[in-house]
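Peer 1: Just so you know, this note's numbering puts 418 at position 375 of the sequence shown, and the rest follows in order with no gaps.
Cβ atoms here follow ideal geometry from the backbone N, Cα and C, with glycine treated the same way.
The structure presented is a predicted model; accordingly, all values stated were derived computationally and were not measured.
Below are the structure tokens for one structure; questions will follow.
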Amino acid sequence: MTARISEYRLDGIYRQRQDGFFMQRVKLAAGVISASQARAVATAATRFGQGTIHLTSRGSMEIHWLKEADLPELKNFLATVGLTSRGACGGAVRGVTCSSQGAAGFPALESMACRLHRHFTANPRFERLPKKFKIGIEADTVSRRHLIQDVGLVLAASEPSATSYDLYLAGGLGREPQPGFLFEAGVVENRIIPLIEAIARVYAAHTPAGKRLKHLIREIGEHEFRHLVALEPTATEELPPVTGLPENLVPCSETTRIVARVPAGELSSDQLTGLAGFADSFGGGILMVTADQDIAFHVSTVLDPAETEAALKLAGFGESRVTFRVCPGSHQCLVGLTPTRDVAATVIAAMGPLARSLRWAISGCPNSCTQPQLADFGIVSSSLVKDDQGQRSPRFDLYRLGSEGLGNIVDCSLTLNGLCDRVREIG
Ligand code: SF4
């Protein structure tokens, strides 16, 4: 049974904390999903789960409270609308993320993310890797999300005949946060896939099971890693140019971005169905899961902004809220140390106006799934400490983002009260 459950990972399935229940993660390239697909996810969450959907900071959707017997039918159901979970968990190339959905160059990034998603998803050559392998693609370095990927691509030049990317390598968070480094600047678009293939092959061949690419670089050094990649036949290969019609789904001309703020990334099936309806009416039938666990739309500028805002409000998403990325924590995650949604609510209650204007993130364990090292203030549930009566109480590390790189710990092992005191001090 245990062996079979671990096999589910490559199908994007994790065991939930609650015995007998599972979580299914759905991969979305650059966070993009059509309204009809979103309706299907909502239907699946109601039919197979408990009618809730969790949005992740990597632009995926997760359905919790699934029963093992329903997993094959759910997989087929999602496949009928062109959705896949293959490689969404386990040692595989995970969903290709993009936090630049509001950038002018997003259509090109979305197209590239689709190509990468198609190439590496369910490709047996890039499954059963030592651990997860994350690719992100960004319009610029502002969000610093290129620093936390195994391969982070940043648009360097975007002329139709010569699109190129700066390729960053071996970033990652978790217990040992490590910013990625610039591996090669200005890689022409047609070399991106073969070069990532070469990198992934070296990673697979030289890294112990359970370790990320950052571990390999630490062990053998950047120089040796570059040497090994250069020996790979695809390291300098250039694919034929991609021709044909554009493949981005997100409407791109004469649009403005509207965001439905989703508290803690938690949506009901009805809410997601309502947002799909909004997308059909105003957003060209397309929704985008954002890096802050919200849903964004590109709305035509010819539409009346007051009308679109009123429609979003009617769907229940008109209120502003503190930007606070929240993982499932011990509410559902097997390794979560704290009930993150409850902790986030307590922290928000302690915030003054300045704190409320900043970006926050909390992770229920040091795995740092919500990228707390990239929030203005990030909270990591670092441990559970036993008191004299044998009661376990959580401790939190507080991270602060500086002017470059990843955020650093400014306070460690805070109690919840101590954490709230620190939040009050921010103002
Ligand atoms: S940060 Fe930890 S608790 Fe939160 S989802 Fe990731 S693994 Fe689970």
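What does DSSP give as the partner residue(s) for LYS70 in the beta ladder?
Peer 2: As a position in the sequence shown, residue 70 is number 27, starting the count at 1. THR127.
Peer 1: Considering only the beta carbon of each residue, do TRP403 and ASP419 sit closer than 8 Å?
Peer 2: By one-based count along the sequence shown, residue 403 stands at place 360. By one-based count along the sequence shown, residue 419 stands at place 376. Result yes, Cβ atoms of TRP403 and ASP419 sit closer than 8 Å.
Peer 1: Across which residues does DSSP place CYS376 in a beta bridge pair?
Peer 2: Position 333 of the sequence shown holds residue 376. DSSP output for CYS376 lists GLN59 as bridge partner(s).
Peer 1: Would you identify the three-state DSSP class for VAL332, choosing helix, strand or coil?
Peer 2: Sequence index remark: in the sequence shown, residue 332 carries index 289 (1-based). In this structure, VAL332 counts as strand in the three-state DSSP scheme.
Peer 1: Out of SER77, ALA241 and GLU219, which one is the CA nearest neighbour of VAL194?
Peer 2: Within the sequence shown, the letter at position 151 stands for residue 194. When each option's Cα is compared against that of VAL194, the closest is ALA241.
Peer 1: Is it the case that the CB of CYS408 approaches a heavy atom of the ligand SF4 more closely than 7 Å?
Peer 2: Here residue 408 corresponds to residue number 365 of the sequence shown, with the count starting at 1. The answer is yes for CYS408.
Peer 1: Quick one: what's got a C-beta closer than 8 Å to CYS295's C-beta in the same chain, skipping five residues either side?
Peer 2: On the sequence shown, residue 295 is found 252 positions in, with the first residue counted as 1. Cβ neighbours of CYS295 beyond the five flanking positions: PHE149, PRO150 and HIS341.
Peer 1: Can you give the beta carbon distance from ALA85 to THR316, rounded, assuming they're within the 8 Å contact cut?
Peer 2: Sequence index remark: in the sequence shown, residue 85 carries index 42 (1-based). Sequence index remark: in the sequence shown, residue 316 carries index 273 (1-based). That belief holds up - the Cβ atoms of ALA85 and THR316 are roughly 5 Å apart, short of 8 Å.
Peer 1: Give the C-beta separation of ALA339 and ILE301 to the nearest angstrom, bearing in mind that I take them to be a contact with Cβ-Cβ under 8 Å.
Peer 2: Along the sequence shown, one-based indexing puts residue 339 at 296. Along the sequence shown, one-based indexing puts residue 301 at 258. That belief holds up - the Cβ atoms of ALA339 and ILE301 are roughly 7 Å apart, short of 8 Å.
Peer 1: Quick one: which unbroken beta strand (DSSP E) runs of 3-plus residues sit fully inside the region 191 to 234? Chain order, please.
Peer 2: Whole beta strand (DSSP E) segments, 3+ residues: 194 to 202, 205 to 212 and 224 to 231.
Peer 1: With DSSP collapsed to three states, give me the class of GLU309.
Peer 2: Residue 309 sits at position 266 when you count from the first residue of the sequence shown. Three-state DSSP puts GLU309 in a strand.
Peer 1: What is the DSSP secondary structure of LYS110, reduced to helix, strand or coil?
Peer 2: What you label residue 110 is simply residue 67 of the sequence shown in a count that begins at 1. The answer is strand: DSSP assigns LYS110 an E or B state.
Peer 1: Just confirm the distance between the C-beta atoms of PHE91 and LEU109, as a whole number of angstroms; I'd bet it's less than 8 Å.
Peer 2: Translated into positions along the sequence shown, residue 91 becomes position 48. Translated into positions along the sequence shown, residue 109 becomes position 66. Confirmed, about 5 Å.
Peer 1: THR45: buried (16+ other C-beta within 10 angstroms of its C-beta) or exposed?
Peer 2: Locating residue 45 in the sequence shown gives position 2, where the first residue counts as 1. Low confidence applies to THR45: its pLDDT is 49, below 50, so where it sits in the model is not reliable, and the reading given next is rough at best. Flag for THR45 reads exposed.
Peer 1: The ligand SF4 and GLY372: does any heavy atom of the ligand fall closer than 7 Å to the residue's C-beta?
Peer 2: As a working mapping, residue 372 is identified with position 329 in the sequence shown. Yes; taking the cut-off as 7 Å, the Cβ of GLY372 has a heavy atom of the ligand SF4 nearer than that.
Peer 1: Closer than 8 Å by C-beta to VAL345: which residues in its own chain qualify, once you throw out the five before and the five after it? Chain order, please.
Peer 2: In the sequence shown, the residue the question calls residue 345 occupies position 302. Only GLU297 meet the Cβ criterion.
Peer 1: With distances taken between CB atoms, is the gap from GLY215 to ARG255 smaller than 8 Å?
Peer 2: Reading the sequence shown from its first residue, position 172 is the one you call residue 215. Reading the sequence shown from its first residue, position 212 is the one you call residue 255. The answer is yes: Cβ separation under 8 Å.
Peer 1: Which first and last residues belong to the alpha helix (DSSP H) in which ASN291 is found?
Peer 2: Walking along the sequence shown from the start, residue 291 turns up at place 248. Run containing ASN291: none; DSSP gives neither H nor E here.
Peer 1: Would the C-beta of CYS412 count as close to the ligand SF4, meaning under 7 Å from any of its heavy atoms?
Peer 2: In the sequence shown, counting from the first residue as 1, residue 412 sits at position 369. Yes, Cβ of CYS412 sits closer than 7 Å to a heavy atom of the ligand SF4.
Peer 1: Have a look at VAL365 and GLY421 and give me their C-alpha separation to the nearest angstrom.
Peer 2: In the sequence shown, counting from the first residue as 1, residue 365 sits at position 322. In the sequence shown, counting from the first residue as 1, residue 421 sits at position 378. Cα to Cα, the separation comes out at about 13 Å.
Peer 1: Please confirm whether SER103 and ARG68 have their CB atoms less than 8 Å apart.
Peer 2: Along the sequence shown, one-based indexing puts residue 103 at 60. Along the sequence shown, one-based indexing puts residue 68 at 25. Yes, these two residues count as a Cβ contact at 8 Å.
Peer 1: Just the C-alpha distance for GLU290 and SER154, rounded to the nearest angstrom, thanks.
Peer 2: For the purposes of this step, residue 290 is identified with residue 247 of the sequence shown, where counting begins at 1. For the purposes of this step, residue 154 is identified with residue 111 of the sequence shown, where counting begins at 1. So the two alpha carbons sit approximately 6 Å from each other.
Peer 1: Under a Cβ-count criterion, where at least 16 other Cβ atoms within 10 Å of its own Cβ denotes burial, should ARG79 be classed as buried or exposed?
Peer 2: Numbered from its first residue, the sequence shown carries residue 79 at position 36. The question names Arg, but residue 79 is Ser in the sequence shown. Per the 10 Å Cβ criterion, exposed.
Peer 1: Rounded to whole angstroms, what is the Cα-Cα separation between ASP209 and ASP431?
Peer 2: Within the sequence shown, residue 209 is the residue found at index 166, counting from 1. Within the sequence shown, residue 431 is the residue found at index 388, counting from 1. The straight-line gap from Cα to Cα measures roughly 53 Å.
Peer 1: LEU449 to ILE191, Cα distance in whole Å?
Peer 2: Translated into the one-based positions of the sequence shown, residue 449 becomes position 406. Translated into the one-based positions of the sequence shown, residue 191 becomes position 148. If you take the alpha carbons of LEU449 and ILE191, they lie about 9 Å apart.
Peer 1: Looking at the ligand SF4, does it come within less than 7 Å of VAL378, judged from the CB to the closest heavy atom?
Peer 2: Walking along the sequence shown from the start, residue 378 turns up at place 335. Yes; taking the cut-off as 7 Å, the Cβ of VAL378 has a heavy atom of the ligand SF4 nearer than that.
Peer 1: With respect to 7 Å, is the separation between the Cβ of GLY223 and the closest non-hydrogen atom of the ligand MN below this value?
Peer 2: The model on display carries the ligand SF4 but not the ligand MN.
Peer 1: Reducing DSSP to helix, strand and coil, say where ALA135 ends up.
Peer 2: Locating residue 135 in the sequence shown gives position 92, counting from the first residue. Of the three classes helix, strand and coil, the one that applies to ALA135 here is strand, per DSSP.
Peer 1: Please state the DSSP three-state secondary structure of CYS455.
Peer 2: By 1-based counting over the sequence shown, the position of residue 455 is 412. Looking at CYS455 - three-state DSSP - the assignment turns out to be strand.
Peer 1: Can you tell me whether THR164 is helix, strand or coil according to DSSP?
Peer 2: What you label residue 164 is simply residue 121 of the sequence shown in a count that begins at 1. Note: THR164 maps to coil in three-state DSSP.
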